[in-house]
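*Asks:* Attaching a single structure in structure tokens format; questions to follow.
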């Protein structure tokens, strides 16, 4: 069958199941959570409560993109039967661990990753058969939740580089006569086009700021899978200490998307103990800082690790997933701060000696697509997820505040829109901090929640004979509908360009607001899904 980019088979890899009871519940479900949706309440014009239904990622992929599932007559498609490339496959790696369907014995993440290799090769046979041209073009999308993302990374970083790990018998994996894993020549082709992870602990799990321990055989539920030292081992990272959220050149980070949850309050697993151990700046299990791969694109949603308000069964997650897989334009947005002024009263009190002053700024941001009823990305103080950077980081070190990465899809544009533009809006708010002078809080003129800066920037992206054009507007000046200012690139590169637009008070202004901010919104736009 024809392989046409960007419509490759999708493999869903579910997350961690702690107890044997959870494993049995997992294997008792055909789609392992990918078929679960959610119903949230909204108020209509009359104040009546109405449901908002998100059907599930699986159903929406079928409805929106024409995908089918891979089950026939109560089981996976029989060997030898062809399946379209636009198909969804569930990697049921817990079945061999189940007491009902398998041995009841726990397996390691490298073992699961080796089974994933076998699964991908089987899908290739179903999709391509003996068509060599199709086999050469064959790739899959890996979509994973939680620990499933670590299995995918182990596949890419360990199995495809190093082959069969020590201690694993190949004969236990390849049980069909003549079957191989095609690992004779390394590094092997992973046959993966993109990876999308929901709430994966790419840098381990921390409770009360401490990485979970590796206690070896005293760990019946394999919590050690989230210990950084053990992760470094099974991810085949160079020896050392520190962060393990690195792909180490095994896979291009720009094709690895991380969707990060920020709602810890609604995660009730482990009798509510997990969210007490993580607190804010987490999804109830994984800290925000640990839920992404270094340099990979990412977005954020006020969703918990799982449950009724979980990250997989969310409209926000699905919109990011489908745009990452099938979108036309990638957009990365950062805030650069050039100058921050302090209150006049503070400047007078310290007599201009800024070394006596400390300040950490909460930066709120959200990204919204025209016509969508959810945010594509959102980090807010009220959710305990705002970006937090110090004065020294923002001004002296020039550290950019990474806001989000998102993808625009022409096919997803609202059919009723009167123009051809793909439109999105970025909201930015910087709160006035509680200043410290000589290590003591300064409350004299402080209003809690006051804003140093707030603006919403509207972008319209259009395709013309000369290529993509971008216009913008500031909601404070022209409202939410207009984007009438052309943007000129500050730099052109590869498949796109970088644009900068000034925010806050003007450089060299005679009368600067105190406090106030002057900075730039940096938008990097590049074509996506082009060969």
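Numbering (the numbering used here), first residue to last: 767 to 1297. Cβ coordinates follow ideal geometry from the N, Cα and C atoms, glycine included.
1) Can you tell which of 1174, 1137 and 1207 has its C-alpha closest to the C-alpha of residue 1228?
2) Should the region 840–853 be regarded as contacting the region 882–892, the criterion being three or more beta carbon pairs within less than 8 Å?
3) Report the CB separation of residue 1263 from residue 1255 in whole angstroms; it is logged as a contact under 8 Å.
4) Checking the sheet assignment: what are the DSSP bridge partners for residue 855?
5) Using a 10 Å radius around the Cβ and a threshold of 16 neighbouring Cβ atoms, would you call residue 957 buried or exposed?
6) Confirm, please, whether the CB-CB distance from residue 1081 to residue 1140 is below 9 Å.
7) Spatial neighbours of residue 1226 within its chain, please: CB distance less than 6 Å, with the 5 preceding and 5 following residues excluded, ordered by chain position.
8) Which same chain residues, not among the five before or five after residue 832, have their C-beta less than 7 Å away from its C-beta?
9) Hey, how far is the Cα of residue 915 from the Cα of residue 1251?
10) Does the distance from the CB of residue 799 to the CB of residue 987 come in under 9 Å?
11) In this structure, how does DSSP classify residue 1059 when only helix, strand and coil are distinguished?
12) Just mark residue 970 as buried or exposed, buried being the case when its beta carbon has 16 or more other beta carbons within 10 Å.
13) Give me the Cα-Cα distance between residue 1282 and residue 1128, rounded to the nearest whole angstrom.
14) For a quick check, are the C-beta atoms of residue 776 and residue 961 less than 9 Å apart?
15) In chain order, what residues of the same chain have a beta carbon less than 8 Å from the beta carbon of residue 1035, not counting five sequence neighbours either side?
16) For residue 971, which of helix, strand or coil comes out of DSSP?
17) Can you name, in chain order, every residue of its own chain whose Cβ lies under 6 Å from the Cβ of residue 1023, other than the five neighbours on each side?
18) Please name the residue, chosen from 859, 828 and 797, that lies closest to residue 850 on a Cα-to-Cα basis.
19) Does DSSP put residue 907 in a helix, in a strand, or in coil?
20) Can you tell me the Cβ-Cβ gap for residue 981 and residue 992, rounded? I've got them flagged as a contact below 8 Å.
21) Can you tell which of 1126, 1177 and 1010 has its C-alpha closest to the C-alpha of residue 1093?
22) Thinking just about the alpha-carbon of each residue, which of 1244, 1132 and 1210 is nearest to the one in residue 1195?
23) Using only the alpha-carbon positions, how far apart do residue 1158 and residue 936 sit?
24) Starting from the Cα of residue 770, find the closest Cα among 876, 900 and 818 and give me that residue.
25) Sort out for me which residues DSSP pairs residue 939 with in a bridge.
26) Exposed or buried, what is residue 834 when buried is set at 16 or more other beta-carbons lying within 10 Å of its beta-carbon?
27) How far does the alpha helix (DSSP H) with residue 1085 in it reach, from first residue to last?
28) Please report the Cβ distance between residue 782 and residue 912, rounded to the nearest whole angstrom; I am assuming they are in contact, meaning their Cβ atoms lie under 8 Å.
29) If you compare alpha carbons, which of 923, 854, 867 and 902 is closest to residue 876?
30) What is the rounded straight-line gap between the Cα of residue 942 and the Cα of residue 856?
31) Expressed to the nearest angstrom, what Euclidean distance is found between the alpha-carbon atoms of residue 1044 and residue 972?
32) Going by the beta-carbon positions, is the gap between residue 772 and residue 1087 smaller than 9 Å?
33) Give the DSSP-derived three-state secondary structure of residue 1173 in the structure shown.
34) On a Cα-Cα basis, can you pick out the residue from 1162, 928 and 1135 that is closest to residue 1222?
35) Report, in whole angstroms, the separation of the C-beta atoms of residue 949 and residue 929, which I expect to be a contact under 8 Å.
36) May I have the straight-line CA-CA distance separating residue 1241 from residue 1170, to the nearest angstrom?
*Replies:* Quick look at the numbers:
1) If we check each option's Cα against that of residue 1228, 1174 comes out closest.
2) Taking 8 Å as the limit for Cβ pairs, the verdict is that the region 882–892 does touch the region 840–853.
3) About 4 Å separates the beta carbons of residue 1263 and residue 1255, which is inside the 8 Å limit, making them a contact pair.
4) According to DSSP, residue pairing for residue 855 in a beta bridge involves 777.
5) Burial call: buried.
6) In this structure, residue 1140 places its C-beta atom within 9 Å of the C-beta atom of residue 1081.
7) Taken in chain order, the residues that qualify are 1187, 1189, 1237 and 1249.
8) Around residue 832: 852.
9) Whole-angstrom Cα-Cα distance: 41 Å.
10) For the pair residue 799 and residue 987, the CB atoms are not nearer than the 9 Å cut-off.
11) Coil.
12) Buried is the call here.
13) Going from the Cα of residue 1282 to the Cα of residue 1128 covers about 14 Å.
14) Not in contact: residue 776 and residue 961 (Cβ atoms no closer than 9 Å).
15) For residue 1035, same chain residues with a beta-carbon under 8 Å away, outside a window of 5 residues either side, are 1050, 1051, 1071, 1072 and 1073 in chain order.
16) Secondary structure of residue 971 (DSSP, three-state): coil.
17) Annotation for residue 1023: 962, 1063 and 1090 place their beta carbon closer than 6 Å to its own, counting only its chain and skipping 5 residues before and after.
18) It is 828.
19) Annotated three-state conformation of residue 907 is strand, per DSSP.
20) Not quite, the Cβ-Cβ distance comes to about 12 Å (not below 8 Å), so this is no contact.
21) Minimum Cα distance to residue 1093 is reached at 1177.
22) The residue with the shortest Cα to Cα distance from residue 1195 is 1132.
23) Rounded to the nearest angstrom, the two C-alpha atoms are 54 Å apart.
24) Looking from the CA of residue 770, the closest CA among 876, 900 and 818 belongs to 900.
25) Residue 939 pairs with nothing; no bridge assigned.
26) Label assigned to residue 834: exposed.
27) Unbroken alpha helix (DSSP H) run through residue 1085: 1081–1092.
28) Residue 782 to residue 912, Cβ: 5 Å. Contact.
29) It is 923.
30) Using only the alpha carbons, I get a separation of about 20 Å.
31) Across the structure, residue 1044 and residue 972 are spaced so that their CA atoms are roughly 7 Å apart.
32) Inclusion of residue 772 and residue 1087 in the CB contact set at 9 Å is not warranted, their separation being larger than that value.
33) In the structure shown, residue 1173 falls within a strand segment according to DSSP collapsed to helix, strand and coil.
34) Comparing Cα-Cα distances from residue 1222 to each of 1162, 928 and 1135, the minimum goes to 1135.
35) The C-beta distance from residue 949 to residue 929 rounds to 4 Å, short enough to meet the 8 Å contact threshold.
36) Roughly 20 Å between the two C-alpha positions.
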